[in-house]
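Written out below as structure tokens is the structure these notes cover.
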Amino acid sequence: MLEPQGLNGQTRSRGRAAAAGPGETCLQEKELRLALVCFGGVSLAIYMHGVTKEILKLVRASRAYHELPKGSARDSAGFADHVQASDTEYDSEHAYFELLQDVGKHIDLRVVVDVIAGASAGGINGLILGRALAHNLRIDHFRNLWLREADVERLLDTEKRAGQWSKAYMRPLLWLAARSRFGRLLLGDAEVLQKLSLFTRSRWFQPPFDGTHLLRQLMAGLEGMGNPTTPGDSLMPANLALDLFVTLTDFYGFLQHIPIHDPPYVRDREHRHVLRYSYRRWPGGEEQSDFTRADAPALAFAGRATSAFPGAFPPAQIGEIDRLLAEQGRQWDNRASFINRNFAGYLRADLDPELTSFVDGGVLANKPFAAAMKAIRGRPAYREVDRRLVYIDPQPLRPPPPPTGRIPGFFRVLKGALSDIPRNEPIADELLGVSRFNERVRHLRGVIEATQPQIAQLVEESAPQHLDAALSEMEVRLWRMQVSERAVREAGFAYEGYVRLKLGSVLDFVTRLVCDACGYGERSTEAQWTRQALLHWAEARGVCYTVQRFEKARPGAGIDDLPGWVRFLLRFDVAFRQRRVRFLVQQLNQLYGKLTEPEHRGLKAEELDKLKRALYEAQETLRHFESASCLSSITIDQIKALFFRRVALQHAELLAQDAQAFAAKNLVAIDEAIDAMGADIDLNRRTDQLDTLFADLSPQDWSSQARQTLLVSYIGFPFWDVLTFTITNWRDLGEFNEIRIDRISPEDAVAIRKGNTLKGVNLGRFGGFFSRAHRENDYLWGRLHAADRLIDIVYDAASGPGLEIPLDRTAIKLKAFRLILDREAANLAVSQTLIADLRLELDAIAAGKAA
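For reference, each letter of the sequence shown is one residue, going 330 to 1180 in the numbering used here.
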């Protein structure tokens, strides 16, 4: 059984959210889940490092708050004692702890980052944050790495660096440009001018920056994060996956064959590529991680490839990692698994990913919302979730000047077509997609709430006895079966459409398992052929119909007397069970906030936790069936012997005819393979376990209202499924919550200053590479802006509808800002004047607030 997890995987203290003593309030639990999208931005990577560092600090403060026991130890002094032995630089964590302490008087809120998607500069910071979150590692040394190594003098390839007299004629031109008003604003100081001179006089028409140097620094930084101080230590809750997506651009492109009617297929070249890294820890302590120290080469390659800005860095190749490790006399132990996991499509097409070249991921996917959204959908919800999609945009798009009627010049058109326009792809489709997703969630909730009284009445009418009495496992099972039969009758003609959709979905599920066992890509010709073959088998065996009406099951029929389509659903409709468990978790979560109501008096949070642990376990078991790993090796061999083959590209009609002939010839063999798959999954046993679970809801331990609500939700779920399955996809809904979008940018964080505060935006976003003062400025503002926005986001998540938390946000922000300035004053030697000015501004804000 699973335990309620703290963010380090240890059993969390019950605190205020669990069994409340006399006079105490049992508070509702809520989890603020952040999915981060980090845009590209060249030298603005330094700003984003400050932002992601602050996000890491917020998550650490949340973990610390929930690790401390309830009572006086959960105060600032307790937090100071908690972190005293740590070697991490704690500063703004104290402000975030105080924030969580204040909102903790009203709601038990914890903060988790579980999805990160990044491109180019954002990709580098995303992978640093991902490794830190997965294994609770420090990243403070990256500050010095950025400030020291992100300098044009260090980035320039030594073989292409200008000598003292190289292109000497460029010097007076730069001097004249610097003396102009525009030049003074753009170039700023002597350091920028001197380094710009070095840059422009270096070898032309070749990438000036050294990709191997960048790779070496990324590798050193990632390995320098070390290992967890305690084995298994992590900032991720047990069972909740952390997924990192880093975009690349395959320069040559990946050739795909897409079947159409005539010709039989067309060729398409896909240049977008996404690397995925995941972390997950199971309740027993077992970890599945792509973020270990041994994975540093794979992570460093992602950082090198995603930031290979065209014209600045040479394209990246996997072989660069091999050469770097060979120089150091080391091996890349996880090389094969990295390539197999991230380049499976290449390998299936007999292409060697080591021979291709990758350039900046921001060329085609500079704002990787799609990857983040795909990861969010279907995520399990262990408590009430406030889902935020937070995107970091260092330089929000400003309104362009209105057209003047003049035709743009040659170089302007060329630059726009090759760089500016591709990197500024619109995000309207993604944001509108989130709005449509939220509408579906609201619609589904409305359907459930509106039909709940009527469905409750239908379910209770079929109950074996009064619901206040104890029920046996057999009574629950018979009750569930009777309600399922009644749902068929009540649905009438709509039921056939529902069943057809379900059968199509379940047949797709079985097809995916077969394709996964054979190693077929989702869009491969072999997968298309397998789908056709299984469809013809399903029609021949009465599992699926295209025209005829379904043979209905006779009431009370035994398993062997049921129609083929019923038996097929009973064995393989994993998705129905997943939808039911998610629905039950949502219903259970609502009870946490009602424990103080009179009708639930006596119900303890421990009983809710106990039931929730069992539902988590059922949920995780069902998720295990989503890949062929749930099948025995004997069954996988049986599937491969039957279905594994090379299928030639041909007309769709010929492909279908070949698949039909195969199915007709091998019906018995397919029967046997399907039977073996059903036996491995053993879905009926999983359902019986839930029957036992709900039969064990004792009337002595549960309030009558809560027990009745949960029993009706479990037994009556077929009614809700019939109503909602045809209008929405429960799998996509996952957490069953709307997704709110928040932005972190200089335009949004205005607690201290308004307007543009960043220096790296100059020189086409390369400005930070030409001045340490610029880098220090942007790093510091990244931390300050993130603190400003994160405090607002946490407060908003804690407040919620109908709950206005009395909180002095300005005071907490001022504390966070001062802690950041105090810490960084010792690290940012060139920014002492800026820090002094900011302290004066904070004093003025505090004085104005006091007045």
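All residues carry an ideal CB built from backbone N, CA and C; glycine is no exception.
Item, Value
"Cβ shell of Gly370 (< 6 Å), same chain only, five flanking positions each side left out", "Ala450, Pro723, Arg1094"
"Selection from Val1159, Thr576, Leu604, Arg806 that minimises the alpha carbon distance to Arg1015", "Arg806"
"Burial state of Ala448, where buried means 16 or more other Cβ atoms lie within 10 Å", "buried"
"6 Å CB neighbourhood of Leu800 in its chain, flanking five on each side removed", "Ala1024"
"Reduced DSSP secondary structure (H/G/I, E/B, other) of His772", "helix"
"Integer-rounded CB distance, given that Asn663 should sit under 8 Å from Asp624", "6 Å"
"Inter-stretch contact (C-beta, 8 Å, three-pair minimum) for the segment 456-469 and the segment 696-715", "no"
"Backbone CA spacing between Tyr849 and Arg771 [nearest angstrom]", "37 Å"
"Nearest-angstrom Cβ-Cβ length linking Leu551 and Ala629, presumed shorter than 8 Å", "6 Å"
"Other residues of its chain near Trp808: CB distance less than 7 Å, five sequence neighbours each side excluded", "Ser791, Ala792, Pro793, Ile1044"
"Opposing strand residues paired with Glu360 [DSSP bridges]", "Arg439, Val714"
"DSSP three-state assignment for Ala1176, whether helix, strand or coil", "helix"
"Residue of Leu397, Arg1168, Leu898 minimising C-alpha distance to Asn1013", "Leu898"
"Pick from Arg1069, Leu913, Glu855 that is closest to Lys969, judged by C-alpha positions", "Glu855"
"Which listed residue (Lys831, Gln585, Asp758) has its alpha carbon closest to that of Ser853", "Gln585"
"Local conformation of Cys873 per DSSP, three classes", "coil"
"Cα-Cα separation, Phe667 to Leu684", "16 Å"
"Environment of Thr925 [buried if 16+ CB atoms lie within 10 Å]", "exposed"
"Nonlocal neighbours in the same chain, by C-beta distance under 7 Å from Asp1077, ignoring five residues either side", "Arg1118"
"Bridge-paired residues (DSSP) for His602", "Leu577"
"Neighbourhood of Gly553 by C-beta distance below 7 Å, restricted to the same chain and skipping five residues each side", "His470"
"Per-residue DSSP class, three states only, for Lys496", "Residue confidence is low: Lys496 scores 48 on pLDDT, short of 50, so the model does not pin down where it sits. No coordinate-derived value is stated."
"The segment 562-572 touching the segment 605-613, judged by at least three CB pairs closer than 8 Å", "yes"
"Cα-Cα separation, Arg341 to His395", "Low local confidence applies: a pLDDT of 37 at Arg341 is under 50, so the model's placement there is unreliable, with the coordinate-based value given in what follows. The alpha-carbon atoms of Arg341 and His395 are separated by roughly 7 Å."
"Opposing strand residues paired with Ile1073 [DSSP bridges]", "Ile721"
"Cα-Cα separation, Gly350 to Ala1173", "Because the pLDDT of Gly350 is 37, which lies under 50, any placement of that residue in the model is unreliable, and the question is left without a value."
"One or two residues paired with Glu616 in a DSSP bridge", "Arg610"
"Length of the line joining the Cα atoms of Leu960 and Gln430", "47 Å"
"Per-residue burial, Lys382 [other beta carbons within 10 Å of its own, 16 or more giving buried]", "buried"
"Touch test, the segment 859-871 against the segment 986-1001, Cβ-Cβ under 8 Å, three pairs minimum", "yes"
"Bridge partner(s) assigned by DSSP for Ile1068", "Arg716"
"Rounded straight-line distance, which links the Cα of Ala634 to that of Asp1020", "51 Å"
"Those residues which DSSP pairs with Arg596 across a bridge", "His586"
"C-beta atoms of Leu1136 and Val432 nearer than 9 Å", "yes"
"Check whether Ala947 and Gln1018 have beta carbons under 9 Å apart", "yes"
"Rounded Cβ spacing between Leu573 and Gly674 (contact assumed at less than 8 Å)", "Incorrect: roughly 19 Å between the Cβ atoms, too far for contact."
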